[in-house]
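Q:
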Amino acid sequence: MTQQNRLQSGGRIDRSKPLTFTYNGKQYKGFQGDTLASAMLANGVNVVSRSFKYSRPRGIVAAGAEEPNAILQLGATEATQVPNVRATQQELFNGLVSQSTNGWPNVDTDVMSVLGKVGGKMMPPGFYYKTFMFPESLWNTYESLIRKAAGMGRSPLENDPDSYDHINQHCDVMIVGAGPAGLAAALAAARSGARVILADEQSEFGGSLLSTTEKLDGKPASEWVSAVTEELRSYEDVMLLPRSTVNGYHDHNFVTIHERCTDHLSDIAPVNQARQRLHKVRAKWVVLATGAHERPLVYSNNDVPGCMVSGAVSTYINRYGVVPGNELVVTTTNDYGYQSALDWHDAGRKVVAVVDTRANPAGERVDAARQRGINVITGSAVIDVQGSKRVSGVSVAPISADGNKVSGSVTKLNTDTVATSGGWSPVIHLSSHTGSRPIWNDEIVGFVPGPTVQKQLTAGGINGSYNTNSVLSEGLEAGLKAVAEVGLNAAEVVLPKAEDVKEGASMTLFHIPHLKPTSQAPKQFVDYQTDVTAAGIELACREGFESIEHVKRYTAMGFGTDQGKLGNINGMAVAAKALNKTIPETGTTIFRPNYTPITFGAIAGRNCGELFDPKRYSAMQMWHVERGAKFEDVGQWKRPWYFPQAGENMQQSLDRECLAVRDSVGILDASTLGKIDIQGRDAREFLGRIYSNAWAKLAVGKCRYGLMCGEDGMVFDDGVSACLGDNHFLMTTTTGGAARVLEWLELYHQTEWPELEVYFNTVTDHWSTLTISGPNSRKLLAELTDYDLSNDNFSFMDWKQIKVAGVPARVFRISFTGELTFEINVQANYGTHVWEKLFEAGAKYNLTPYGTETMHILRAEKGFIIAGQDTDGSVHPFDLGMGWCVSNKKPFSYVGKRGMNRQDCVRDNRKQMVGLKTKDPKVVIPEGAQAVLDPNEPIPMKMVGHVTSSYWSANLGHSIAMGFVKGGLDKMGETVYYPLVDGTVIEAEICSPIFLDPKGERQNV
Amino acid sequence: MFHIYCPHCAEYREEEEFHAAGQAHIARPLDPEACSDKEWGEYMFFRKNPRGIHHELWVHAAGCRKFFNITRDTQSYEIKEVYKIGEKPSVVAE
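Chains U and L supply the protein sequences, listed in that same order.
Per my numbering, the first sequence starts with residue 23, numbered consecutively.
Per my numbering, the second sequence starts with residue 23, numbered consecutively.
#1: Quick check on the DSSP output: the beta strand (DSSP E) that includes residue 106 of chain L runs from which residue to which?
#2: Could you check which residue in U/320, U/314, U/183, U/336 has the C-alpha nearest to that of residue 234 of chain U?
#3: Closest to residue 828 of chain U by CA distance: which of U/726, U/808, U/836, U/791 is it?
#4: DSSP has residue 302 of chain U in a bridge; who is on the other side?
#5: Residue 217 of chain U: buried (16+ other C-beta within 10 angstroms of its C-beta) or exposed?
#6: Within the stretch 742–795 of chain U, note down every full beta strand (DSSP E) run reaching 3 residues or more, in order along the chain.
#7: Which two residues bound the contiguous beta strand (DSSP E) that contains residue 377 of chain U?
#8: Within 8 Å of any Cβ in chain L, is that where the Cβ of residue 274 of chain U sits?
#9: Give me the subset of the stretch 58–75 of chain L whose CB atoms are less than 9 Å from a CB atom of chain U, sorted by chain position.
#10: Return the chain-ordered list of same chain residues with a C-beta closer than 6 Å to the C-beta of residue 916 of chain U, the five sequence neighbours on each side being excluded.
#11: Using the DSSP secondary-structure output, state which residues sit across from residue 344 of chain U in a beta bridge.
#12: For a test of the three-state rule: what should DSSP assign to residue 53 of chain U, helix, strand or coil?
#13: Would you kindly report the start and end of the unbroken beta strand (DSSP E) that includes residue 408 of chain U?
#14: Beta-carbon of residue 779 of chain U versus every beta-carbon of chain L: anything under 8 Å?
#15: So, do the stretch 851–860 of chain U and the stretch 820–840 of chain U have three or more beta carbon pairs nearer to each other than 8 Å?
#16: Give the straight-line distance between the Cα atoms of residue 487 of chain U and residue 612 of chain U, rounded to the nearest whole angstrom.
#17: Can you round the beta-carbon distance between residue 1099 of chain U and residue 253 of chain U to whole angstroms, since I take them to be within the 8 Å contact cut?
#18: Along chain U, which residues have their Cβ under 7 Å away from the Cβ of residue 88 of chain L?
#19: Which class does residue 419 of chain U belong to by DSSP, given the choice of helix, strand or coil?
#20: Just checking: is the beta-carbon of residue 99 of chain L within a distance shorter than 8 Å of some beta-carbon in chain U?
#21: So if I threshold CB-CB distances at 8 Å, which residues from the stretch 902–917 of chain U count as touching chain L?
#22: What runs of the alpha helix (DSSP H), each 4 residues or longer, lie entirely inside the stretch 52–87 of chain L?
#23: What's the call for residue 85 of chain U, buried or exposed, on a 16-neighbour Cβ count within 10 Å?
#24: Grab the span of the beta strand (DSSP E) containing residue 221 of chain U for me, first residue to last.
#25: At a CB-CB cut-off below 9 Å, which residues of chain C make contact with residue 919 of chain U?
#26: Check for me: the alpha helix (DSSP H) holding residue 74 of chain U runs from which residue to which?
#27: Nearest by alpha-carbon distance to residue 532 of chain U: which of U/784, U/36, U/320, U/427 is it?
#28: Which runs of the alpha helix (DSSP H) spanning at least 4 residues fall entirely within the stretch 821–892 of chain U, listed in chain order?
#29: Taking the C-alpha atoms as reference points, what is the distance between residue 141 of chain U and residue 76 of chain U?
#30: Using a C-beta cutoff of 8 Å, does residue 507 of chain U count as contacting chain L?
#31: Determine, using beta carbons only, whether residue 738 of chain U and residue 953 of chain U come nearer to each other than 8 Å.
#32: Examine chain U for any beta-carbon lying closer than 8 Å to the beta-carbon of residue 24 of chain L, and answer yes or no.
#33: Can you confirm whether the stretch 429–449 of chain U touches the stretch 306–315 of chain U when touching is taken to mean that 3 or more C-beta pairs between the two stretches lie within less than 8 Å?
#34: By the three-class DSSP mapping on this structure, what secondary structure does residue 109 of chain L have?
#35: Taking the CB atoms as reference points, tell me whether residue 344 of chain U and residue 28 of chain U lie closer together than 8 Å.
#36: Does DSSP put residue 934 of chain U in a helix, in a strand, or in coil?
Spelled out as structure tokens, the structure:
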């Protein structure tokens, strides 16, 4: 293919470096320095997409972030697929593979367009909602078909091979945009010694100066750009970030920058390089120099490929050496529109006419056009366009001075390109991100940034300043202001001078009238990406949507990935006119992050895969892994779930582990239990205030179980605390609750009882906890210690400081299984040593490792609760049948006491914890099953409780369950029913939750 | 993302080191038993939701673990001041 639209010379492309790329399976050539869009235009590619709703062919309209149509799918392989890439922002590289995302079978021949043509009038805003409302059950089916027709790109089916980085940055001055204003601001700040970050979304700094023919100090503007960039590069404290879009401006001057490090090089990042980075910048001052987007005019068939915004036409010619057509008609309301005609003419191609809505335009660019012999038609506008996959001609007609109607006869002109300019819209997106409401400025016919609480300055196009000299001086001023604010002395900067161009006044006009009323005229597009027309907005207003936010939601205006960068102001203008209001009265919509779409990779950074969430392991982790343990997540901890042996299924493993503990001895890695060291003169008093039971008399050397409640009286954690010394306690918490409990203690100490002298510290990771449990546990431990372990010397609920396997250990005689148990705590790095010594000695006792599941079964056999499984924040100790753990004698009204005496907490018929024995002993009730008293009651049945814990007990030979039943403690022996989703009903008898050894004889031997 | 000055560490830190712990200056009644259910319910559950100046309790959870107070504008998200437990705010709603 030849690049038929490429100029022989000019532009910032490198003609000595040809590149090959693919679009929709066809190979094309471009040059180094091209964007994908400029290379497509050079090759005469007209259709780049099919529109969202009507499947109309669409072409490239703009040259930057505001592009609504050229949204392509990139990627040479499945793993490197990237959806929603704007061709106007994607730099060309050799081997780039791109695809249009909609159109079936392809964008050139699209079956759906028939629907768009025939059904155009039948598809008003709200069409899908109105049409596919019934039956409701089919909406999901409709939706998937509609989505397929709309075509929005697709995510890859394979893992992304690239890596992405997050970087935190700090600076004095963050400058957004490296056009003339941004560069001037950066120069001022850098010379004054400030720490500066200058970010620009393009590959090169310079902004509008890269595509202008304007001169600075009589020399090409790009020379000044190079000199300034060179100087900035020489400062140590200046960070220059090209290819970096500032996509979010957040509270407290927090700015996020999406840097594309290698997207311009290849499909996949070179080895050891991150593809993209997300910079998180905390800036003292932010200078927004984001420029302006040119606003297209709204006229009939303004979406036919070949219709472009005027400035983009100049950019393609001047920066990329591409004239995107053969003949040009310009339709404009202002002087800027003339520039594309001048550039087009100077590139040697034919300008058919400049059609100006103003009756008497006067300005230097108008004169320049006339001097070149360009046909200038005044008081007129392009009201309609002919052509389908490319413009073939335009209809030009005189319009009234107020721009509201066509006032004369139509002339047809042949052309293949239409450049349009309705003025400029300042790029105020970032200033809106922090909640600042933009303000309408009649003079510049656009919104400018409103008042803000951020430390924000603005300069250049964002303020509605479009004259190069004023843009430069605003930039300088902002830079110096920022420097002064951060307390530095301003350095001297002399700005270059641009030639002053005399400009005529612009006409305020958005929507070009047609011979027919808007509702009957050929479609006049406002928002290309979401197919919103002027007629659609008028209809929305007629249907009663008066707020611009409602119009937006009803029509979908601005809901595309471009956030309506081109269309929003036009849409507001159309709505304002329909509602007979001014634009500021109609209101504006608020832009939100991100400014342009950002990849999920950049958002995730390295926090994915293995690094998604920290994993915590006990010191014995490797031993567990080597024994083939299955693991379960408890908070961030990986805990052994069970230890299957060859040929066992899960239930068989659990049965074996359960029997081993009750018959001989088992061992559990309990290191993950939260451990909080509590010291201080008032430690004991503090425990008494925070736990529901009494702590005043717990002697040194003793342990006690405690329940912790909220102020509402509801249980939220439990555990055993040991008295290590008069002023020293060790509290244990649930594995998942450790951090919450520590903060709870700190909260009460710091905010309510600061007079208590008490200190808390987490020691969870300091200790390995090895729990040996079963009738042979004493014999086993005796093999590793000389200490007298007899019941007389070391009784139940004692703890001792002894040596185990030659290592200092705190051994607690507490039990969560109901068996004789020793909980051996050793310094974490001795854990594996002691664990292995226990196994050496334990072979003759069939020492069996067990995991969390067996622990759950064994404790359920004893009716012990697990906070978080058997409690849900709505049960107090009495509901759990644990009134024995509540003290009414304590002088201080401890946390939870008042709460559990509230009227609702002491009423009858609360849900209470009971045991459940199924009528069929083999049936295990599913956890979560709902209890009813009458299984034959029609739905909705009256539910009286639910099952919280349920297991098969190998020791007992039947299933066991715990759960809540209304008034359950008074219903012993009665029957409840559990209807399941499959229609079956499980019958169970209410019983004590203590299924085994109700007197506690086994643990107390 | 807030940038929060911890009055105990005497440094600005990122919001991710902190978390909010609700409205500040909710004192636990000194004699809970003397409270009616209504009074106790108000202490436990009823909180302000102002548009504008709000006093909040925060904790430097991944830092010094200390609680402190913030006066914050809920509309603009500006942090007007930080002050320690036991101190009074100097910025208050009109």
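Note that the Cβ used here is the ideal one computed from N, Cα and C, for glycine as well.
A: The relevant details are as follows:
#1: Working through the second sequence from its first residue, we reach residue 106 of chain L at position 84. Segment 101–106, the beta strand (DSSP E) holding residue 106 of chain L.
#2: Within the first sequence, residue 234 of chain U is the residue found at index 212, counting from 1. For the residues U/320, U/314, U/183, U/336, the minimum Cα distance to residue 234 of chain U belongs to U/336.
#3: Along the first sequence, one-based indexing puts residue 828 of chain U at 806. Distance from the Cα of residue 828 of chain U is smallest, within the candidate group U/726, U/808, U/836, U/791, for U/808.
#4: As a first step, residue 302 of chain U is located in the first sequence; it is residue number 280 there, counting from the start. According to DSSP, which records beta bridges pairwise, residue 302 of chain U is partnered with U/190, U/278.
#5: Here residue 217 of chain U is taken as the residue at index 195 of the first sequence, counted from 1. Counting Cβ neighbours within 10 Å, residue 217 of chain U comes out buried, since at least 16 surround it.
#6: 750–755, 781–784, 789–795
#7: Stepping through the first sequence from its first residue, residue 377 of chain U is reached at position 355. From DSSP, the beta strand (DSSP E) with residue 377 of chain U extends over 372–378.
#8: Position 252 of the first sequence, counted from the first residue, corresponds to residue 274 of chain U. It does: the Cβ of residue 274 of chain U has a partner Cβ on chain L nearer than 8 Å.
#9: Closer than 9 Å at the C-beta level to chain U, one finds these residues of the stretch 58–75 of chain L: 59, 62, 63, 65, 66, 67.
#10: Locating residue 916 of chain U in the first sequence gives position 894, counting from the first residue. Hits under 6 Å: 711.
#11: Walking along the first sequence from the start, residue 344 of chain U turns up at place 322. DSSP output for residue 344 of chain U lists U/28 as bridge partner(s).
#12: Residue 53 of chain U sits at position 31 when you count from the first residue of the first sequence. Note: residue 53 of chain U maps to strand in three-state DSSP.
#13: On the first sequence, residue 408 of chain U is found 386 positions in, with the first residue counted as 1. Start and end: 402–408.
#14: Walking along the first sequence from the start, residue 779 of chain U turns up at place 757. Chain L contact via Cβ: absent.
#15: yes
#16: Counting from 1 along the first sequence, the entry for residue 487 of chain U is found at position 465. Counting from 1 along the first sequence, the entry for residue 612 of chain U is found at position 590. Using only the alpha carbons, I get a separation of about 22 Å.
#17: Coverage of chain U is limited to positions 23 through 1027, which leaves residue 1099 of chain U absent and any answer about it impossible.
#18: Start at 1 with the first residue of the second sequence, and residue 88 of chain L comes out as number 66. Ordered by position in chain U, the residues that pass the 7 Å Cβ test against residue 88 of chain L are 772.
#19: Position 397 of the first sequence, counting from 1, holds the residue named residue 419 of chain U. Residue state, collapsed to three classes: strand.
#20: One-based indexing of the second sequence puts residue 99 of chain L at position 77. It does; some Cβ of chain U falls within 8 Å.
#21: 915
#22: 59–67
#23: On the first sequence, position 63 is the one that residue 85 of chain U refers to. It is buried - the Cβ of residue 85 of chain U has at least 16 other Cβ atoms within 10 Å.
#24: To locate residue 221 of chain U, count along the first sequence from 1; it is residue 199. Looking at the DSSP string, the run of the beta strand (DSSP E) that includes residue 221 of chain U is 218–221.
#25: Checking the listed chains, one finds no chain C in this structure; the protein chains it contains are U and L.
#26: Here residue 74 of chain U refers to the residue found at position 52 when the first sequence is read from its first residue. Element bounds for residue 74 of chain U: n/a, residue is neither H nor E.
#27: Taking the first sequence and counting its residues from 1, the one referred to as residue 532 of chain U is at position 510. Of the listed residues, the one whose Cα sits closest to residue 532 of chain U is U/320.
#28: With a minimum length of 4 residues, the continuous alpha helix (DSSP H) runs that stay inside the stretch 821–892 of chain U are 853–864, 874–883.
#29: Position 119 of the first sequence, counted from the start, is the residue given in the question as residue 141 of chain U. Position 54 of the first sequence, counted from the start, is the residue given in the question as residue 76 of chain U. Caution applies to residue 141 of chain U, whose pLDDT of 49 falls short of 50 and renders its modelled position unreliable; the model cannot decide the point.
#30: Here residue 507 of chain U refers to the residue found at position 485 when the first sequence is read from its first residue. So, not an interface residue.
#31: Working through the first sequence from its first residue, we reach residue 738 of chain U at position 716. Working through the first sequence from its first residue, we reach residue 953 of chain U at position 931. Against a cut-off of 8 Å, the Cβ pair of residue 953 of chain U and residue 738 of chain U comes out as no contact.
#32: Against the second sequence, residue 24 of chain L aligns to sequence position 2. Cβ-Cβ to chain U under 8 Å: yes for residue 24 of chain L.
#33: In short, these stretches touch, since the Cβ pair count reaches three.
#34: The sequence position of residue 109 of chain L within the second sequence is 87, counting from 1. Coil, per DSSP.
#35: Indexing the first sequence from 1 puts residue 344 of chain U at position 322. Indexing the first sequence from 1 puts residue 28 of chain U at position 6. Yes, these two residues count as a Cβ contact at 8 Å.
#36: To locate residue 934 of chain U, count along the first sequence from 1; it is residue 912. It is a strand residue.
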